[in-house]
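Colleague:
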Amino acid sequence: MKKIVLMGNPNVGKSVVFSRLTGANVIASNYPGTTVDFSKGKICLGKEGHEIIDAPGTYSLEPSNKAEEVALAMFGQADLVINVADATNLERNLYLTLQLLEQKKPVILALNMWDEARHTGILIDLKKLENQLHIPVVPTVALSGEGIFDLVHRLDEARSPEEIEPMNESNRWMKIGEIIGNVQQVTHRHHTLRDWISEASIRPLTGLPLALVMIFAALWVVRFIGETLIVYIFDPLFSLYTPIAMDISAWFGPGFLQVLFIGKLIDGRIDYIQSMGLLTTGIYVPFALVLPYIIAFYSVLAVFEDSGYLPRLATLTDTLFHRLGMHGFGIIPVFLGLGCNVPGIMAARSLETKKQRFIAATLIAISVPCMAKNAMVFGILGPYGTGYIILVFATLFIVFISSGLILNRLIQGDSPEICLEIPPYRKPDTVTVLKKTWMRIRSFLKEAIPFLFLGVVLINVFYAVGFVEWLGNIFAPVIQGWFGLPKEATTALLIGFLRKDLAVGMLLPLGMSPLQLVIATTLLTIYFPCVGTFAVMFRELGVRDMIKATAFMAGAAFMVGGVMRLVLLGI
Amino acid sequence: MNPMEQPVTSLETGTKAVILRLEGGHWFQNKMRSIGIREQKTIRLVAKHPFNGPVVVEVDGREMTIGRRMAGHIITGVPE
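Respectively, the protein sequence lines represent chains A and B.
Sequential numbering of the first sequence, starting at 4, is according to our numbering.
Sequential numbering of the second sequence, starting at 276, is according to our numbering.
1) Leaving out five residues on either side along the sequence, give the residues of the same chain with a beta carbon under 8 angstroms from the beta carbon of E543/A.
2) Does the distance from the CB of V331/B to the CB of T340/B come in under 8 angstroms?
3) Evaluate F400/A with the Cβ neighbour count: other Cβ atoms within 10 Å of its Cβ, from every protein chain shown; 16 or more gives buried, anything less gives exposed.
4) Counting only Cβ-Cβ distances shorter than 7 angstroms, please list the residues of the stretch 284-307 of chain B near chain A, keeping chain order.
5) Between which two residues does the beta strand (DSSP E) containing N86/A stretch?
6) Could you round the C-beta distance between T435/A and F465/A to whole angstroms and report it? I think they count as a contact, below 8 angstroms.
7) Of the residues that make up the stretch 69-96 of chain A, which ones have a beta carbon closer than 7 angstroms to any beta carbon in chain B?
8) Quick one: what's D57/A bridged to in DSSP?
9) Which of the residues in the stretch 160-194 of chain A, read from start to end, lie with their CB under 8 angstroms from any CB of chain B?
10) Quick check on DSSP: helix, strand or coil for D311/B?
11) By the 7 angstroms beta-carbon criterion, what residues does the stretch 421-449 of chain A contribute toward chain B?
12) Looking at the C-beta of P282/B, does it have a partner C-beta in chain A at a distance below 8 angstroms?
13) Distance check for G333/A and S285/B, CA to CA, integer angstroms please.
14) Express the C-alpha separation of V471/A and P480/A in angstroms, rounding to a whole number.
15) Does the distance from the C-beta atom of G11/A to that of L99/A stay below 8 angstroms?
16) Looking at the ligand SAH, does it come within less than 7 angstroms of D321/A, judged from the CB to the closest heavy atom?
17) Which of the residues in the stretch 339-353 of chain B, read from start to end, lie with their CB under 8 angstroms from any CB of chain A?
18) Nearest-angstrom Cα distance between I111/A and I414/A?
19) On the DSSP bridge list, what partners appear for P282/B?
20) With DSSP collapsed to three states, give me the class of M339/B.
21) To the nearest angstrom, how far is the alpha carbon of D118/A from that of V144/A?
22) If you measure from the beta carbon of Y62/A to each beta carbon in chain B, is any gap under 8 angstroms?
23) Under a CB-based cut-off of 8 angstroms, is R568/A close to chain B?
24) Look at the Cβ atom of L240/A, then the Cβ atom of F264/A, and state whether they are nearer than 8 angstroms.
25) Whole angstroms is fine: what's the gap from L461/A's alpha carbon to F396/A's?
26) In this structure, how does DSSP classify P212/A when only helix, strand and coil are distinguished?
27) Cβ of V337/A within 8 angstroms of Cβ of I367/A?
28) Beta-carbon within less than 7 angstroms of L410/A's beta-carbon, same chain only, minus the 5 sequence neighbours each way: which residues are those?
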């Protein structure tokens, strides 16, 4: 069994080629740095099975961030390399190609985005290119699957040419100049409407207002889709389910099983948020409250990702993010973190230094609420008025900015400037967007449901054994005395470690005022990450930095909660 | 510096020039070349962001966002 590794510059379509080759689905987008870790798959050639690895993109074999280090490590293990290059930008892509060839491993070159190259008037003579590089060259359009069959078919022709000797940087560029002169013809291209939009969206005067419009439009669309799905699909479905649940409840009869599966009946009826049974709250929260917003958020995110807008947004926010100890690319982890903190913190790997990655991860964990929790906040605070929801987000935004300003001063280390390629705008493909959204929904359901069930069971056990009362009394000085919340809210903070959405649901039966709910839901984001986020921070930052980040979060929660109480409750 | 030479950051937005040389450390020069910014290439300044923000440049039809300080090390001029 051979190890086949996909190597290439960022954003040339390696992940799409990987999906095509293996049939496995991995997330692909239109911005450099989508893949920060490797994915493994299997491919059969003849009778033999081989392992195929999708590596993060890199411009050269000298890594400049953690994602590129992963790429280099994968290259080290490779028995065969599929070098994926962007046909619209061959010259620059050949630099890595030559470096790969110098390492004496068998290489085959896939010239991806072949259709785009043709449309933009770039002509590449494939035969000549093969003769110059001494390796097979296959044109591909990974998005449509064109050329993938040829690529697989010719894999065994991959070779490490003896004709290419190790050389220094300037000789490499000379060689590339020679090759390009021989194989490529570029016809002059006129500026198009797309170029005009591209420039308008990246210049400060036009780009900033456009960015604000885009972000508000995105938020509006997410809420609109989410609410529509709840009102017209999920709530009606649960209305149909209620009589069944009531039958099950009657069948159990009063006792522990009824409490565990159906929960407390409120005025003799099931209350899907407050009952806290496995078959009531345990399925209502993930399916009817959170899932609609997960669907809404990830479809909108996919359109943003695939259009190529995110790197432009990164450019526009660079100046602000620089003050927070990162650079503009930091907006991409934040965006992903709004869906779920885990991929957000992973995406910080594309930042260059430890300081930048630490700040990005900490800021996401402390002040970027995930969509599961947001959905609950919409559901619970929404009825009191949008103003309360805005209050939560405005507070978190202030925490984000001020924590960034503080951490930038506190944390030692470099914060290099942005250096980011801006991909051309591309029209998001409907099938790709739907597929990607579906992958993310599936992983949400797979990860959320077990923890939600565990949470519901724990809540029932905690109440049954009197743990809620006991814990509440211990933390009463902080929760009641300092934050101005009922002491039972302590258990919600504890459950928040498992699932923040469930924790928000636990606040409802405590009879709090809307402003108390604002404080409690805000603190639920700040005080501590959930278990999944905690695990990924531990892995990405290490023990020491994890402890540092946690201490900062606890301190921030204490301060912010106190201030909010003073300002909002006035006592 | 020759009076005809200027860093790309001093260009007027929308104008083109030729990259004469890269200044700064070996690592930086290497990095710039690997993303396509190298000597003899025509570079166009697409946008300059205020408050010492980044600049957006275009080389070979590709746009790139680069921090102001880094971009200051890209020296352009009229080719001889």
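A virtual CB, placed ideally from N, CA and C, is assigned to each residue, including glycine.
Computed from a prediction, not measured in an experiment: that's the story for all the values here.
Modeller: Checking against the coordinates, here is how it stands:
1) Leaving aside the five residues that flank E543/A on each side, the residues in its chain whose CB is nearer than 8 angstroms to its CB run, in chain order, I348, M349, A351, R352, R360, A364.
2) Going by C-beta atoms, V331/B is nearer than 8 angstroms to T340/B.
3) Counting Cβ neighbours within 10 Å, F400/A comes out exposed, since fewer than 16 surround it.
4) Those would be N305, K306, in chain order.
5) Start and end: 83-89.
6) The pair is not a contact, with the Cβ atoms about 44 angstroms apart (cut-off 8 angstroms).
7) Residues N92, E94, R95.
8) Answer is L9/A, S42/A, bridged to D57/A.
9) Of all residues in the stretch 160-194 of chain A, only E172, W176, R192 come within less than 8 angstroms of chain B when Cβ atoms are compared, listed by chain position.
10) For the record, residue 311/B in the displayed sequence is Gly; it is not Asp. Three-state DSSP puts G311/B in coil, outside helix and strand.
11) Flagged, chain order: I421, C422, L423, E424, I425.
12) No, P282/B lies away from the interface with chain A (no Cβ there is under 8 angstroms from its Cβ).
13) Between S285/B and G333/A, the C-alpha separation is close to 27 angstroms.
14) Looking at the two C-alpha atoms, the distance is approximately 15 angstroms.
15) With contacts defined as CB atoms closer than 8 angstroms, G11/A and L99/A qualify as a contacting pair.
16) No copy of the ligand SAH appears in this structure; indeed no ligand is present at all.
17) Listed by position along the chain: M339, T340, I341, G342, R343, R344, M345.
18) For I111/A and I414/A, the distance between alpha carbons rounds to 44 angstroms.
19) According to DSSP, which records beta bridges pairwise, P282/B is partnered with I350/B.
20) Here DSSP, grouped into helix, strand and coil, assigns M339/B to strand.
21) Taking the Cα positions, D118/A is about 7 angstroms away from V144/A.
22) So, interface residue.
23) It does not; no Cβ of chain B falls within 8 angstroms.
24) No. Outside cutoff.
25) In this structure, the straight-line span from the alpha carbon of L461/A to that of F396/A is close to 29 angstroms.
26) The answer is helix: DSSP assigns P212/A an H, G or I state.
27) I367/A sits close to V337/A, with the two beta carbons spaced by under 8 angstroms.
28) Within the same chain, and ignoring the five residues on either side of L410/A in sequence, the residues whose Cβ sits closer than 7 angstroms to its Cβ are G328, I362, T365.
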